[in-house]
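In UniProt numbering, the protein residues as written are 1 to 365.
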Amino acid sequence: MTVTLDQAFFRRFLDRATSVVTAEAAHLTELDAAIGDADHGINLKRGFASIAQALAAEAPEGPGALLTAAGVHLTNTVGGAAGPLYGTVLRRMGKVLGEEAVATPEALGRALAAAVASVRRLGDSAPGDKTMVDALQPAADAYAEALAGGGDVVVALDAAARAARAGAEATVPLQARRGRASYLGERSIGHQDPGATSSALLITALYEATDPRLCATAPQPAAEPEAAAEPEPEAGRVGVVLVSHSRAVAESTAALARALVGTGDPAPVAAAGGLPDGSVGTSAELVRRAVADADRKAGVVVFCDMGSAVLTVKALLTAGELRDAHIADAPFVEGAVAAVVTASAGGDMAAVLAAADDARTYRKL
């Protein structure tokens, strides 16, 4: 079978991925309920289900632009840790494929390898940690090996899909060392990792995209007009952004920090809590908006509560989307208060980060 790795191929991949994620959402959530937050399938289904509309609005041209746009959209719409992780996979693949109208099988291999490397850096994970890497790394390796052995792209993608599925199944006896499941320790043993399982589904969808009969493209809605650009803020003090899974936690912490400044004028503080609909999760779009709101051209310090909040911000920083922003490795409440008070007093970025760092030493007993 002759397969052309053009935009139509990668669109078939995204359509097929949407179909399988939708069909397997309940199973993925069931797996996640055993060792995670019971939201993996729900979050992925929401993100992939809205890809078609998002891509129609942007109308990207070429495989690289298509995957990059899809990755940005997933980062924005998938509320859990899967958003920044799968968003990174697609964006990194898109960057490696570049502006070529047709990718070569070798370029696809480089894109897969680069995507896995980016996920490993972002999640600080390796094979054997019971994460999506346990499916993605074998898939990338099997693809490269099959191609080097003289196989065509169909043979190589078939090998990748088989390796990904085997890798996902091999997570059952592992003890989780990364992610939410790692909190369970030995209790994570005996359960298949949901991230590795969904990764295997997506690699399989990439293989199935070689057969157009499986991947009919859905009708595309009309594109919406672009919003006008926001004016640049005037120079001022260091800004502070609070990223939490909960809107109430982010907003109340921001209010507390402002109040503790006293009678002075507080530095800019913005909250990025929960998802746009108010439910629990992390939204890349809310993070971008909060950083833009707090940016006064003196830099922005970002505080994250845990998990997907950290991953989302790290993914945006890696992609170069947060201008002059820095993650503070500090306790969420105490660090935020120290940072806002210091920034309000006119402290520069170094002083604000130092104040946040000092908050880790505050004793309560």
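Where a beta carbon is used, it is the ideal one built from N, C-alpha and C, also for glycine. Keep in mind it's a predicted model, so treat the numbers as computed, not measured.
Looking at the DSSP output, Asp6 sits in a beta bridge with Val102.
When Lys130, Asn76, Asp348 are compared, the shortest CA-CA separation from Gln192 is found for Lys130. Fewer than three Cβ pairs drawn from the stretch 144 to 157 and the stretch 165 to 182 lie within less than 8 Å of each other, which leaves the two stretches out of contact.
Only residues of its own chain outside the window of five on either side were considered, and among them Leu66, Ala69 have a CB closer than 6 Å to the CB of Pro60, listed in chain order.
Within 10 angstroms of the beta-carbon of Asp265 lie fewer than 16 other beta-carbons, which makes it exposed. About 20 Å separates the CB atoms of Met93 and Ala126; that is not less than 8 Å, and the two are not in contact. Under the DSSP definition of a beta bridge, Gly239 partners with Val300. Under the 8 Å Cβ criterion, the stretch 148 to 161 counts as touching the stretch 101 to 114, having at least three qualifying pairs.
Ala350 is not a Cβ neighbour of Ala330, given a cutoff of 8 Å. By the CB criterion at 8 Å, Thr282 and Thr253 fall outside the cutoff.
Below 8 Å, too few C-beta pairs join the stretch 306 to 321 and the stretch 339 to 350 to call them touching: fewer than three. Contact between the stretch 238 to 257 and the stretch 266 to 274 is present: three or more C-beta pairs spanning the two stretches fall below 8 Å. According to the DSSP assignment, Val78 belongs to no beta strand (DSSP E), since it is labelled neither H nor E. Restricting attention to Glu30, Gly195, Ala290, Gly190, the CA atom closest to the CA of Gly239 is found in Ala290.
When C-alpha distances from Leu31 are compared across Thr22, Ala23, Gly41, the shortest belongs to Gly41. Closest option to Val302, judged by alpha-carbon separation, among Thr77, Val337, Phe9: Val337.
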